[in-house]
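Read in this note's numbering, the sequence shown has 63 at position 49, and its numbers run on one by one without any break.
Backbone N, C-alpha and C define an ideal beta-carbon position, used for all residues, glycine too.
Taking it in order: structure first as structure tokens, then the write-up.
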Amino acid sequence: MANFDLLVFGGGTGNTVASAAAAAGLDTALVERGPIGGTCLNRGCNPSKMLIQHANTLNDVRAAEQFGIEATVEEVHFGEFVRAVNDELADAASGKESNKRDEENLTLVQGEARFVDEHTIETESGETHTGEKIVVAAGSRPMVPDAIDGLSEVDFLTSDDAIRLETPPDRLVVLGGGYIAAELGYFFGSFGTDVALVEMEDFLVPREDSEVADAFTEIARERHDVYTGHHVTGVAESDDGIVVSAESEDGDEIDVTGDELLVALGRRPNTDSIGLDETDIETTDAGFVATDEQLTTNVEDVWAMGDIADNAMFKHSGDYEGEIVIDNAVHGVERAADFDALPHAVFTEPQIGAVGQTEAALDDEGQEYVVGRAEFTDTAMSRALKLDRGFVKVLADPDSHEIFGCHIIGHEASTLLHEVTPAVRYGLRADELANTLIHAHPALSKVVMQACADVAGN
């Protein structure tokens with residue numbers, strides 16, 4: 015048995031906690047069954063956004079005629095760039111592993127492992143390792159529901175598989191309409207795949223502000239077959255491919271056939287596969303490890319972070335949680351996490367970016383608010399870029415004009431969003447953002463300024 019000052023279970027964002035602990039002189043173990051870097055580096059954010067950039071480049075060439083430039087696409091080396099993306103990231107993960115092995119005070123334990131008590135894990139080879147302090151950072155995996163009739167009897171893809179396909183399918187049926195479905199649907203559709211999205215909610219990206227979700231759903235209908243308000247009743251093989259059957263609340267039944275089926279119904283925490291039933295560590299009804307504001311669990315000297323914890327399932331929130339855990343578990347600071355102004359983005363075309371509360375959330379709270387709005391087409395840069403759609407929507411207090419939330423759909427929304435994020439974080443007013451900050455002309459960020467200025471007129 016090996017005994018450590020601190021043991022980190024999970025080498026995604028948790029690897030930064032392990033390195034910080036080792037650098038602080040703690041005898042540290044990092045336990046990871048797969049490549050270092052976790053979902054984001056190996057199966058999520060990094061590969062998907064790198065692949066999407068290939069789609070964006072292809073679509074830019076196709077749109078060159080708008081600018082009086084004749085350009086044609088002679089050939090797309092799809093398999094080559096898919097392999098190149100995944101090879102590059104595999105090299106990055108390998109480099110991280112090598113660095114971990116060279117770090118002083120850090121022991122890398124690779125392979126499957128499970129808890130046998132609150133402070134002890136056992137590897138598949140039978141070795142046990144204990145930690146005076148434990149950080150649970152064992153991540154998540156694609157959600158595959160058991161309730162869909164026939165799903166277990168067909169070959170289907172998850173996002174883990176889809177990013178490694180070296181030939182775009184002729185027809186792809188996607189179960190789900192959230193962030194992963196929207197991004198991968200856009201990617202494959204750009205390379206000629208006929209994409210069908212089946213979503214049980216009334217809109218795609220249903221967690222977004224309803225106006226943004228509505229706008230994106232209509233854009234998606236221009237390039238995909240979109241079936242919203244339909245829940246899947248069954249999946250079956252046929253001579254023509256994989257058939258997905260779905261039904262709406264009013265009884266409308268559909269059958270959608272594809273050569274490949276992508277299950278993109280979200281992600282679930284790995285709490286059910288790491289032996290937590292051998293511990294007293296509490297989980298929520300949704301299966302996440304329950305934590306307080308300092309990311310501690312109900313068990314003394316045990317913290318949880320990343321996708322497995324009951325917070326947001328974003329890489330940037332995981333990075334932030336890592337900072338909190340480093341302060342608390344390594345340095346004893348007792349720092350509280352604050353997720354009130356956590357931004358997020360969806361990397362389709364157009365992009366979606368949001369921070370703060372939606373109209374629905376404010377309505378549920380009974381909070382009065384006003385809406386400031388500006389269209390991308392009202393800016394000079396939008397004309398230069400030949401953008402024909404997109405808007406910024408700011409929600410603010412009707413009296414103080416303190417910003418409650420901001421929702422953007424349009425070109426580079428993921429970047430524009432960060433102009434408003436500090437305002438939501440620190441309680442700035444819309445008029446302060448519109449009037450105090452001088453915006454360079456004709457930068458596209460002026461659309462955010464105009465939406466904030468519009469708050470004052472409502």
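CA nearest to the CA of residue i, picked from the options
| i | options | result |
| --- | --- | --- |
| VAL123 | THR134, VAL45, SER396 | VAL45 |
| GLY145 | GLY153, ALA151, SER154, ILE135 | ILE135 |
| THR86 | ALA78, VAL209, ALA234 | ALA78 |
| GLU314 | MET15, ASP131, ALA43 | ASP131 |
| GLY301 | ARG185, ALA161, ASP321, VAL316 | ASP321 |
| VAL190 | ASP169, VAL219, PHE170, GLY203 | It should be pointed out that residue 190 corresponds to Gly in this sequence rather than to Val. Nearest C-alpha to GLY190: VAL219. |
| GLU118 | ARG281, VAL240, ALA36, ALA196 | ALA36 |
| ILE295 | ARG282, VAL316, TYR440, ALA229 | VAL316 |
| ILE340 | HIS421, GLY203, MET319 | MET319 |
| THR192 | GLY206, PRO61, MET214 | Reading off the sequence, residue 192 comes out as Gly, not Thr. Selected option, being the one with the closest Cα: MET214. |
| THR121 | HIS143, SER108, ALA106, GLY109 | HIS143 |
| VAL187 | GLU446, GLU88, THR285, VAL277 | VAL277 |
| VAL209 | PHE217, ASP216, GLU197 | GLU197 |
| ASP174 | ARG185, SER154, PRO183, LEU165 | SER154 |
| SER224 | MET15, ALA323, THR372 | THR372 |
| VAL99 | ARG115, ILE83, SER62 | SER62 |
| ASP273 | GLY280, THR305, ASP184 | ASP184 |
| GLY93 | PRO283, THR27, ARG178, ASN17 | ARG178 |
| VAL212 | HIS238, ARG115, GLY265, GLY24 | HIS238 |
| ASP216 | GLU232, TYR440, ASP101 | GLU232 |
8 Å CB neighbourhood of residue i in its chain, flanking five on each side removed
| i | result |
| --- | --- |
| GLU126 | ARG47, THR137, GLU138 |
| SER331 | ASN325, PHE353, LEU356 |
| ALA351 | GLU307, GLN308, LEU309, ASN325, TYR334, GLU335, ILE338 |
| ALA38 | VAL344, HIS345 |
| ALA457 | MET395 |
| PHE418 | GLY370, GLN371, LEU376, GLN381, TYR383, LEU409, ALA410, ASP411, VAL438 |
Sequence-distant residues of its chain with Cβ nearer than 6 Å to residue i (five each side left out)
| i | result |
| --- | --- |
| GLU111 | ILE50 |
| THR271 | ASP254, GLY255, VAL257 |
| PRO412 | GLU382, VAL384 |
| LEU165 | VAL249 |
Buried or exposed (CB count within 10 angstroms, at least 16 for buried), residue i
| i | result |
| --- | --- |
| VAL96 | buried |
| ILE288 | buried |
| SER204 | buried |
| ALA34 | buried |
| SER414 | exposed |
| ASN342 | buried |
| HIS91 | exposed |
| ASN60 | buried |
| VAL226 | buried |
| PRO436 | exposed |
| MET327 | buried |
| THR181 | exposed |
| ALA398 | exposed |
| GLU263 | exposed |
Other residues of its chain near residue i: CB distance less than 7 Å, five sequence neighbours each side excluded
| i | result |
| --- | --- |
| THR30 | GLY336 |
| PHE201 | LEU65, ILE66, ALA69 |
| ALA388 | PHE405, VAL406, VAL461, GLN464, ALA465, ASP468 |
| ALA359 | GLN365, ILE366, GLY367, ALA427, SER428, LEU431 |
| PHE129 | ILE135, ILE288, GLY289, LEU290, GLU292, THR293 |
| LEU55 | LEU103, ALA106, ALA107 |
| ALA374 | SER224 |
| THR297 | THR285, LEU290, VAL303, ALA304 |
Where the beta strand (DSSP E) containing residue i begins and where it ends
| i | result |
| --- | --- |
| GLU136 | 134-137 |
| SER154 | 154-156 |
| ILE194 | First-last for ILE194: 193-204, but that is the alpha helix (DSSP H), not the beta strand (DSSP E). |
| PRO412 | Element bounds for PRO412: n/a, residue is neither H nor E. |
| LEU20 | 16-23 |
| GLU251 | 244-252 |
| THR142 | 142-150 |
| LEU122 | 120-124 |
| LEU211 | 208-213 |
| GLU46 | 42-46 |
Range covered by the alpha helix (DSSP H) that runs through residue i
| i | result |
| --- | --- |
| VAL99 | 92-116 |
| SER287 | Here SER287 belongs to no alpha helix (DSSP H), and DSSP marks it neither H nor E. |
| ASP321 | Run containing ASP321: none; DSSP gives neither H nor E here. |
| ALA35 | 28-37 |
| ALA229 | 224-237 |
| LYS400 | Counting along the chain, LYS400 falls outside any alpha helix (DSSP H), and DSSP gives it neither H nor E. |
| ILE66 | 59-76 |
| ALA427 | 427-430 |
| ILE338 | 329-339 |
| THR435 | 435-440 |
| VAL277 | Unbroken run through VAL277 is the beta strand (DSSP E), 274-277; no alpha helix (DSSP H). |
| GLN464 | 460-469 |
| SER173 | 173-176 |
| ASP378 | 373-379 |
- Query: Within the chosen definition, does the region 73-81 reach the region 148-164 through at least 3 CB pairs nearer than 8 Å?
  - Reply: As far as the Cβ criterion goes, the region 73-81 does not touch the region 148-164, which means the pair count is below three.
ask   = Does the region 411-431 come within contact of the region 251-270, defined as at least 3 CB pairs closer than 8 Å?
value = Fewer than three pairs of CB atoms, one per stretch, sit closer than 8 Å, so the region 411-431 makes no contact with the region 251-270.
| query | Counting Cβ pairs, one atom from each stretch, are 3 or more of them under 8 Å apart for the region 233-244 and the region 160-175? | reply | In short, these stretches do not touch, since the Cβ pair count stays below three.
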